Each structure stands twice: as C-alpha cells, then as structure tokens.
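The structure under discussion appears below in the form of structure tokens.
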Amino acid sequence: MFYLPRSQLQNESSLSTEDLSAVDWPARFRELAASARHPALQQYYQAGVPAGSTAMADVPMVALDFETTGLDPQQGGIVSIGLVPLTLARISCAGAAHWIVRPRARLSHESIVVHGITHSDIAAAPDISKVLDDLLAQLAGRVVVAHHRSIERRFLNNALLTRLGEGIEFPVIDTMALAYRFRHEPGFWQRLRGRKPDSVRLADCRRRYHLPFYRPHHAQTDALACAELLQAQIAHHFSPQTPVSDLWC
Amino acid sequence: MQAEHIEIVDFLRQHQPFTSLSDEVLQQVAVQISIAYFKAGQQILEFGAEINDWYVIRSGAVEVFRRNGELYNRLSEGGFFAEFGLLRNKRVRFPVYALEDTLVYMIPEPLFTELFDNNEEFADQVEVEDRTRLRQAVARREDANELMTARIETLVSREPVLLPASATAREAAIRMTEEGVSSLLVVTTSDDQPMAASRLVGIVTDRDIRDRLVTPGLPFDTPVTDIMTAELTKVEHNQFVFEAILLMLRYNVHHLPVIKQGLPLGVIALADVIRYESQNSLFVVRSIFNAQTVEELTALASDVRACFSRLVAEDANSRMIGGSMAVIGRSFKQRLLEMAEEKFGPPPVPYCFLALGSMAREEQLIVTDQDNALILDNRFDPQLHDEYFSNLATFVCDALDACGYTYCKGKVMATNRQWRQPLKVWEQYFSEWIERPSPEFLLNSAIFFDLEGVWGETHWSEMLNDLIRRKARSNSRFLACMARAALMRTPPLGFFKGFVMETDGKHTNSINMKRRGTAPLADLIRVHALAVGSAAHNSFERLQDIIEAGILPPGNGPDLRDALELIAMVRIRHQALDLQSGIEPDNNIEPENLSDFERKNLKDAFQILSNAQKFLKFRYQPGRAV
Chain W
1 MFYLPRSQLQ
11 NESSLSTEDL
21 SAVDWPARFR
31 ELAASARHPA
41 LQQYYQAGVP
51 AGSTAMADVP
61 MVALDFETTG
71 LDPQQGGIVS
81 IGLVPLTLAR
91 ISCAGAAHWI
101 VRPRARLSHE
111 SIVVHGITHS
121 DIAAAPDISK
131 VLDDLLAQLA
141 GRVVVAHHRS
151 IERRFLNNAL
161 LTRLGEGIEF
171 PVIDTMALAY
181 RFRHEPGFWQ
191 RLRGRKPDSV
201 RLADCRRRYH
211 LPFYRPHHAQ
221 TDALACAELL
231 QAQIAHHFSP
241 QTPVSDLWC
Chain D
1 MQAEHIEIVD
11 FLRQHQPFTS
21 LSDEVLQQVA
31 VQISIAYFKA
41 GQQILEFGAE
51 INDWYVIRSG
61 AVEVFRRNGE
71 LYNRLSEGGF
81 FAEFGLLRNK
91 RVRFPVYALE
101 DTLVYMIPEP
111 LFTELFDNNE
121 EFADQVEVED
131 RTRLRQAVAR
141 REDANELMTA
151 RIETLVSREP
161 VLLPASATAR
171 EAAIRMTEEG
181 VSSLLVVTTS
191 DDQPMAASRL
201 VGIVTDRDIR
211 DRLVTPGLPF
221 DTPVTDIMTA
231 ELTKVEHNQF
241 VFEAILLMLR
251 YNVHHLPVIK
261 QGLPLGVIAL
271 ADVIRYESQN
281 SLFVVRSIFN
291 AQTVEELTAL
301 ASDVRACFSR
311 LVAEDANSRM
321 IGGSMAVIGR
331 SFKQRLLEMA
341 EEKFGPPPVP
351 YCFLALGSMA
361 REEQLIVTDQ
371 DNALILDNRF
381 DPQLHDEYFS
391 NLATFVCDAL
401 DACGYTYCKG
411 KVMATNRQWR
421 QPLKVWEQYF
431 SEWIERPSPE
441 FLLNSAIFFD
451 LEGVWGETHW
461 SEMLNDLIRR
471 KARSNSRFLA
481 CMARAALMRT
491 PPLGFFKGFV
501 METDGKHTNS
511 INMKRRGTAP
521 LADLIRVHAL
531 AVGSAAHNSF
541 ERLQDIIEAG
551 ILPPGNGPDL
561 RDALELIAMV
571 RIRHQALDLQ
581 SGIEPDNNIE
591 PENLSDFERK
601 NLKDAFQILS
611 NAQKFLKFRY
621 QPGRAV
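Chain order of the listed sequences is W and D. Taken in order, the first sequence gives residues 1 to 249; the numbers are from UniProt numbering. Taken in order, the second sequence gives residues 1 to 626; the numbers are from UniProt numbering.
Here's what the structure looks like:
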C-alpha cells in the first residue's frame with residue numbers, strides 16, 4: 001500500500017467521499033450482475049456477497065493491497081497487486097497471489113523509492129486488463145479487506161473504467177477505519193502536553209496488537225499484514241458472531 | 001502470479017528446525033502455511049480436538065499443559081507444538097493457550113509428515129520422542145573423538161612377548177633386547193599346553209631391571225618373579241582407549257596387559273596412548289608427584305585448569321574429564337599426605353585418607369570443594385594420637401584449599417573431629433545411618449555414600465563400602481529416606497525466552513547445573529545402585545549395574561545415561577568457556593549463553609530427570625518390599 005502523508009491521514013471523513021455503509025450489498029450485487037457488460041465482472045457479481053447478517057466466523061474474505069504510482073486514482077495507476085484469502089479462523093497462504101502490472105501513468109521517482117518496483121520491472125509486466133479475469137475470480141464471493149479502503153476501491157474502479165468503460169463496486173472491511181474506531185484518543189491534558197492520537201498506519205496498528213513487524217510496501221506482504229491485523233482487531237473488539245454489516249462499508 | 005512470501009520465508013530461515021531446509025523447500029512450505037491470531041488467554045488447542053496442522057509460533061507466547069492441568073511447557077517465538085498429537089492419532093494431546101497475543105503459522109499435516117520423513121535434521125529437531133533427539137545429540141558428540149570410540153585392541157600392534165616364570169632376570173633382559181620391547185608378560189606354563197594359553201602372573205619392564213635389579217645390586221640370575229610386578233592392572237581388549245588412560249593415571253603404570261577371553265593379547269604402553277591424549281593429565285599427575293613443596297603444588301593449579309580446557313577442546317566425554325580430574329585430585333592428596341608424613345613423622349597408628357563425593361565417583365570438575373575424612377586404626381587413642389592426625393589433616397586440607405580445592409562448606413573434612421574417627425566408629429556411623437536415618441544424616445547422604453580410600457589402608461574404605469552394600473540393599477526404610485533426599489533437588493521445566501522456567505511457571509535468570517542437574521541425577525542413580533547392591537562408584541558404571549539388574553522401566557536406563565552425559569557436558573563446556581574468557585568458572589549458566597541445540601536437548605534431559613524422580617518416589621516407599 002502507498003502510505004499517505006500524515007496530514008492527509010488526520011481526517012478520514014474527507015477521504016471517504018462515498019458513504020456506502022447503508023448499502024444492501026447482496027441486492028446491489030444482483031443489480032450489478034444484471035447491468036455489467038464485461039463477462040468477468042458479470043461472473044464476479046453473480047458470485048454475490050454474504051448477507052449483512054452473516055456472522056464474521058462464516059464470512060469468506062480476501063485481503064487486498066495495491067502499490068500505485070501515486071495517490072490520486074485519476075492520475076496514478078496500479079503497479080502491483082497482492083491478495084491473500086482468509087476467514088476469521090485462518091489466513092491461507094496457499095490462495096495468495098501477487099501480480100506486477102504495467103500502469104498507464106508514469107512511474108514517479110517517489111513511488112519507486114517506496115515500493116521498489118522499477119521501470120524495467122513494469123516494462124515486462126502485463127496491463128491490468130490481462131490479469132483481470134484471474135483477479136476477479138480470486139475476489140469473487142469474498143469480502144475485500146484493506147487498510148485504507150479508498151485506495152483499493154478507487155484505483156480498481158478507475159483502472160476498470162479506463163479499460164472496460166465500466167467501474168466496479170464492492171464492500172470493504174477497512175482495518176484503518178476500524179483503527180479509528182478503537183484508537184485511544186488523548187484527553188484534554190494529554191493533548192495539552194503534546195500527546196498525539198495513536199497512529200493508524202498499518203505498522204503502528206499491528207504493533208498495538210503485538211503483531212510482528214513486516215517490511216512495508218510489498219503488496220503481497222501488506223495484504224498479509226492487513227489480514228492478520230483484521231484477525232487481531234476482531235479477536236480484541238468483536239466476536240465471531242458479530243455480523244459482517246457491523247464491519248464493512 | 002507468483003505469490004511472494006518474503007516475511008514468512010525469512011522467518012523460517014532463521015528458526016530451528018527449518019534452518020536445515022533449502023530455500024526452495026522453504027518457499028514450498030511458506031506457500032502452504034495458514035496463519036491465525038490469538039488474543040492473550042484464548043485457547044489455541046483443546047484436548048481431544050481433531051488437528052490437521054503443526055503449529056509454529058511467529059510471535060507471542062503460549063503455554064502447553066498436560067491433561068491433568070500441569071504446566072508442561074511455555075514457548076515463545078520460534079517454538080512449535082502439536083507434533084505429539086499430529087504424529088499419533090491427529091487428536092490434541094496437550095491443550096495450548098495463548099499466554100500473550102500470539103500469531104501462529106500452521107503447517108498442514110501432509111507437508112509436516114513429508115518434511116519429517118525426508119529431512120533427517122528437521123526430524124531430529126522436532127522428534128516427538130524427546131529422548132531420541134537427546135540420544136542423537138550425545139552420539140554425535142561421541143563420534144567426534146577417537147578416544148571415546150577407539151577400542152584398546154586397536155592399539156595392540158603385536159603379539160605379547162611371554163616369558164616363563166622360571167626364567168632369570170638376565171634371560172628377561174636378553175629377551176627384551178632380542179624382541180625390541182620394553183616389557184614382558186611373565187606366565188606359568190605346564191608342558192602339555194602352549195605358552196600362549198598359560199596363566200599370566202606378572203609383568204616385568206626394563207624399568208624393573210633398572211630399579212629392582214641393578215640399583216639394589218642383585219645378581220643377574222635372580223628369578224624374574226622377584227623383580228616383576230605381580231599385582232597386575234589389566235584391561236580387556238574391548239574397553240575404550242580412554243579407560244586405559246584412566247587406569248594408567250590411576251595406578252601410575254606405563255604398561256597394561258590386554259586380555260582377550262582370559263588370555264593375554266598384547267601389551268599397550270604409555271607411548272601407544274599418548275598420541276590419543278596430548279599427555280596433559282599424565283603430565284599434570286607426574287608434576288604433582290615431582291613437586292617438593294606445597295608452593296610447587298599450588299603453582300600447578302593453573303596446569304590443572306589448562307588440562308581441563310584441553311580435554312574439553314579435544315571433545316573428551318564427561319566420564320573421561322571427570323575421571324581425569326578425579327585422578328589429579330587424588331594425586332594432590334597422595335602427594336600432600338606423603339609430604340605430611342615427612343613433616344610430622346610416620347603415623348602413630350595406621351590410617352586411611354578418604355575422598356568423598358564427586359571425587360570418589362570420579363566425576364570431579366574444576367569447580368569443586370574438598371570433601372574428605374580419616375579412618376583411623378581401632379587402636380587409636382585420642383589422648384596419644386589425635387594431635388598427630390589433627391596436624392596432618394590441617395596440613396592437607398589447608399594445602400588442598402591453596403591448590404584450588406576450597407574448604408567444604410558443610411565441614412565434611414578430616415580436620416573436623418567428627419569425621420576423623422577409628423574404623424569401628426565409622427562402622428557404627430554407617431550402621432546407624434542405615435538403620436535409623438535421621439534428617440541430619442539426609443543432608444550428608446549425598447557425600448558419605450560415595451567414598452574411596454586414596455592413601456594408607458585403602459582396604460578399609462572397601463570394608464565400609466561392603467558394609468553399606470550389605471545393609472542398605474534390604475532396608476526399604478533407608479532406601480525410602482535416600483529416595484526422599486534425592487528428590488529435594490529438582491530440575492527446572494526448561495527455558496522460556498531468556499529465562500529458566502520453573503515448574504511453577506516462575507522464571508529465574510540462571511541455572512545451577514550442578515544443583516539442578518548433575519547432583520540430583522547422581523543422587524537418584526545412587527539410590528538405585530544401593531538397592532541393587534552395585535559396588536561401582538561412578539554414576540555411569542552404577543547405571544550399567546542398575547540396567548543389568550532390570551529394575552528400571554525399559555529404555556529408562558539409556559535415557560538417564562544420555563541425560564547425565566548431556567547435562568554434565570553442558571556444565572563442563574561452560575566452565576571451559578569461562579576459563580577461556582578469563583572469568584572465574586562456576587556452575588551457573590545463563591540461558592542466553594546456551595545454543596538453541598543445547599537448550600532443546602537440556603530441556604529433554606531435564607524432562608528425563610523429572611520423570612526418573614517420579615519413578616524413584618514411586619518405587620522406594622517406606623515399608624515397600626524392594
């Protein structure tokens with residue numbers, strides 16, 4: 001994942017322009033399955049999503065992470081995709097996948113520094129449209145888990161819009177949004193003394209749940225890191241019986 | 001779309017038992033791993049539940065329990081569990097709880113079995129039968145040194161040169177010159193059998209001709225039987241080379257007849273074995289006997305330490321090292337007693353100087369205090385004689401302290417009047433201890449029931465040992481008391497992070513390998529040895545007698561032997577390391593100074609000791625027939 005500058009992270013509401021928390025996702029998927037034109041998208045929507053009342057213990061999920069050329073989906077593109085399927089009980093490396101893809105946008109120097117994927121790496125890589133069938137098949141029937149959902153949601157939507165002429169919608173369990181929900185807010189005195197609220201960066205969130213440090217900015221590793229974080233968050237703040245609608249949006 | 005499990009592979013690569021696997025295999029493992037997170041306090045595995053995975057701790061810590069709720073183990077990052085159940089009936093045998101927030105890697109059973117079957121080193125380290133791993137660890141060490149594996153017969157380069165007992169000294173000298181040997185075996189023959197099948201009666205060496213014939217000026221036709229050594233120290237052909245070295249050291253002889261099926265096979269000389277041991281302990285012993293003053297003896301303390309370090313560097317086993325150090329300790333005492341008799345004059349009545357405890361068991365190391373005592377002749381009259389023996393004891397004990405054998409904290413020394421008594425009093429002591437064991441005696445039981453005469457009337461110590469053997473064996477109350485005393489010191493459960501973990505789950509920073517390891521093992525073995533009437537002093541030899549007597553559950557004897565060897569060697573190696581780094585060595589070991597290998601195997605060894613203590617408690621109950 002591409003880390004946002006601290007200033008942009010402070011106010012989450014400004015980032016999530018779309019308020020999808022009230023969406024009835026199974027019904028929405030049925031509509032989209034009927035209206036989608038691309039066969040891979042049709043199949044994706046046909047696979048459906050669990051009902052909002054489904055207990056977390058029974059929800060198939062997939063942690064998803066992109067490395068991108070920048071932060072703005074209008075101008076940037078995806079350079080790598082990592083995903084790992086999971087349930088509440090276990091994260092399965094056997095189903096994990098990782099692709100490097102060639103973005104239409106130019107690779108910026110800053111982004112190379114972050115994710116280490118270079119011009120020569122992407123020169124040989126396929127366009128995302130070539131891996132779309134595989135990617136959507138991996139996502140089908142599963143609820144996406146991401147740290148900072150707007151990146152994954154908007155970049156994928158934009159990539160599909162520019163290539164297929166139609167976008168994609170899907171529910172996301174956002175571990176960063178959960179982190180905001182449970183982070184420790186400093187009191188008046190603490191703020192006065194300069195104590196800042198807990199960081200919601202992936203690595204910092206993980207540390208609070210005693211998860212090991214993973215080197216960031218590799219899509220596959222970040223997806224795994226995000227999957228583990230979700231398991232920890234649910235173990236500490238929810239129960240296996242919590243309905244998925246409490247978490248997704 | 002090749003998945004890249006960088007973090008997982010990196011983690012596996014750094015942790016046992018995966019370190020022995022290639023990167024390709026690790027990639028294959030990583031691809032099949034599942035991961036789960038458990039909050040502190042959460043149950044990870046429930047007793048009896050079906051399992052299909054092997055668990056490796058990625059971060060955090062867990063506690064493994066026995067079915068009865070007793071803590072079995074505590075594991076942290078890199079620890080693994082569930083192999084017991086997995087390799088048996090795929091049911092959880094030991095319930096597991098997260099002690100801290102814990103992330104686990106789960107490896108599916110088919111993959112685990114494949115790794116286990118195809119990678120010997122991996123299997124060794126995971127081994128469900130803990131003792132097998134320990135056995136291999138001990139065996140691998142033993143292979144490292146020829147001393148431990150070479151049999152004496154490999155040193156025998158030629159047939160023995162025999163000489164009939166009717167020959168003269170001159171004939172012996174001629175024979176030696178003709179054959180180019182430095183020793184001859186003297187045999188009695190009869191006409192109707194070949195000389196090789198004859199009875200061995202003595203050995204004569206070129207040194208005997210010099211010291212016993214030429215120097216005293218005896219005629220050349222003196223019968224060879226007058227100058228030979230008749231009290232023969234012999235070895236069997238299939239004993240180990242290091243045992244021959246110990247014998248040479250102990251009896252200060254340079255030629256040993258080798259016997260096979262009762263017949264002489266050859267002779268090995270000092271020169272034959274020197275290449276096996278860089279002469280160190282032999283050299284130190286010789287220096288001790290050559291020392292003329294206590295100061296010269298004191299100066300040898302550093303040679304003793306150097307000798308110890310070299311034995312460790314040469315991969316000698318604990319039997320060899322403990323034996324060599326005991327011989328050196330005994331030599332100090334012998335030379336000091338010689339000096340004492342020069343200083344104070346000949347003893348007014350005969351006496352026997354006793355070595356007690358680890359020296360008597362031939363398990364002495366460098367960090368040791370002196371435990372000794374005096375048996376005096378029954379004609380001993382305190383009014384007339386005690387001043388002499390008190391002076392002698394003070395001289396020897398002070399000098400021993402100066403030589404590095406510190407005073408016994410429990411005052412078990414010949415300077416203590418209680419332990420400087422006539423034979424008949426000693427007989428009363430032992431009878432009393434065995435027939436009416438008191439709590440006070442129990443404190444001393446570990447010391448007094450290992451005794452050996454080192455000087456003077458050494459056969460008295462044998463008489464006491466015989467008395468002990470006779471009386472102890474059939475006395476179940478005494479054995480129960482000894483067993484109880486042997487249970488006072490217990491091993492720790494194992495290791496957890498940088499700490500020693502105790503059975504109550506508490507942590508300590510270091511472990512006293514003597515108090516928590518070798519001493520309780522020696523105590524335990526002593527009880528069984530007394531019960532089976534073993535005459536041996538050394539724990540390994542006692543164990544052999546115990547195994548032959550068949551009183552232990554099958555397999556337990558060899559397990560105990562391996563556990564003793566491993567614990568003793570860890571203790572020895574760490575003392576050698578201390579010496580190397582210029583630190584005053586002690587018996588304490590900090591877990592961070594142990595290798596992964598040592599930790600794992602030590603834990604197994606402690607487990608064996610703990611189980612053996614449970615068996616001891618069960619077997620020796622007061623009033624129970626033994």
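Backbone N, C-alpha and C fix where the C-beta goes; we use that ideal spot for every residue, glycine too. Computed from a predicted structure; not experimentally measured.
Beta-bridge partners assigned by DSSP to K260/D: L263/D. If you check the CB distance, L564/D and S539/D come in under 8 Å.
Assignment of beta-bridge partners to D369/D by DSSP yields T406/D. For T222/D, no alpha helix (DSSP H) segment is defined, and its DSSP state is neither H nor E. Sorting I57/D, V161/D, G329/D by C-alpha distance to the C-alpha of G453/D places G329/D at the top. For F606/D, the closest of Q239/D, R619/D, I511/D by C-alpha to C-alpha distance is I511/D. If the five residues before and after K39/D are omitted, its C-beta is found closer than 7 Å to the C-beta atoms of A98, D101, all from its own chain and listed in chain order.
Per DSSP, the continuous beta strand (DSSP E) segment holding L163/D begins and ends at 162-164.
Taking one beta carbon from each stretch, the stretch 139-150 of chain W and the stretch 94-106 of chain W have fewer than 3 pairs nearer than 8 Å; the two do not touch.
Under the criterion of beta carbons closer than 8 Å, I78/W and V84/W do not qualify as touching, at roughly 17 Å. DSSP, read as helix, strand or coil, puts I551/D in coil. For C226/W, no beta strand (DSSP E) segment is defined; the enclosing uninterrupted segment is the alpha helix (DSSP H) at 219-237.
Neighbours of C93/W in chain D, taken as residues whose beta carbon is under 8 Å from its own, are A3, H5, I8, A30, V31, Q32, I33, S34, I35 in chain order. Fully enclosed alpha helix (DSSP H) runs of no fewer than 4 residues occupy 149-164, 175-182, 188-192, 202-208 of the stretch 142-230 of chain W, in order along the chain. In this model, I8/D and G357/D are separated by some 52 Å (Cα to Cα).
Within chain D, the residues I6, E7 have their CB atoms less than 7 Å from the CB of T221/W, given in chain order.
At a Cβ-Cβ threshold of 8 Å, V527/D and A486/D count as neighbours. Between E4/D and Q220/W, the gap from beta carbon to beta carbon is short of 8 Å.
For P85/W, no CB of chain D lies under 8 Å from its own CB, so it is not counted at the interface with that chain. Within chain W, no C-beta atom comes nearer than 9 Å to that of E24/D; the closest sits roughly 16 Å away. Taking C-alpha positions only, T293/D is separated from M339/D by approximately 8 Å. The beta carbon of H38/W is closer than 7 Å to those of L164, E166 in its chain, skipping five residues each way along the sequence.
For R361/D, the secondary structure class from DSSP, reduced to helix, strand or coil, is coil. CA-to-CA, the gap between A225/W and R489/D works out to about 47 Å. Just measuring C-alpha positions, the residue of I128/W, E169/W, Q231/W, W99/W sitting nearest Y209/W is Q231/W.
Counting C-beta pairs with one atom in each stretch, the stretch 458-470 of chain D and the stretch 589-604 of chain D have fewer than three that are closer than 8 Å, which means they do not touch.
When CB distances to chain W are screened at a threshold of 7 Å, not a single residue of the stretch 62-92 of chain D falls below it. Looking only at E152/W, Q190/W, F29/W, W189/W, the smallest Cα-Cα distance to T175/W is reached by E152/W. Assignment of alpha helix (DSSP H) within the stretch 308-350 of chain D, counting only whole runs of 4 or more residues, yields 318-344 in chain order.
Proximity to L155/D across Q370/D, L609/D, P257/D peaks at P257/D, based on C-alpha coordinates. Here V59/W carries a coil assignment [DSSP, helix/strand/coil]. For P240/W, no Cβ of chain D is located within less than 8 Å of the residue's own Cβ.
At a cut-off of 8 Å, the C-beta of L99/D has no neighbouring C-beta in chain W. Contact residues of the stretch 131-152 of chain W toward chain D are V131, D134 (C-beta to C-beta distance below 8 Å). Annotated three-state conformation of Y620/D is coil, per DSSP. Only those residues of the stretch 303-326 of chain D whose C-beta falls short of 7 Å from the nearest C-beta of chain W would be listed, and there are none.
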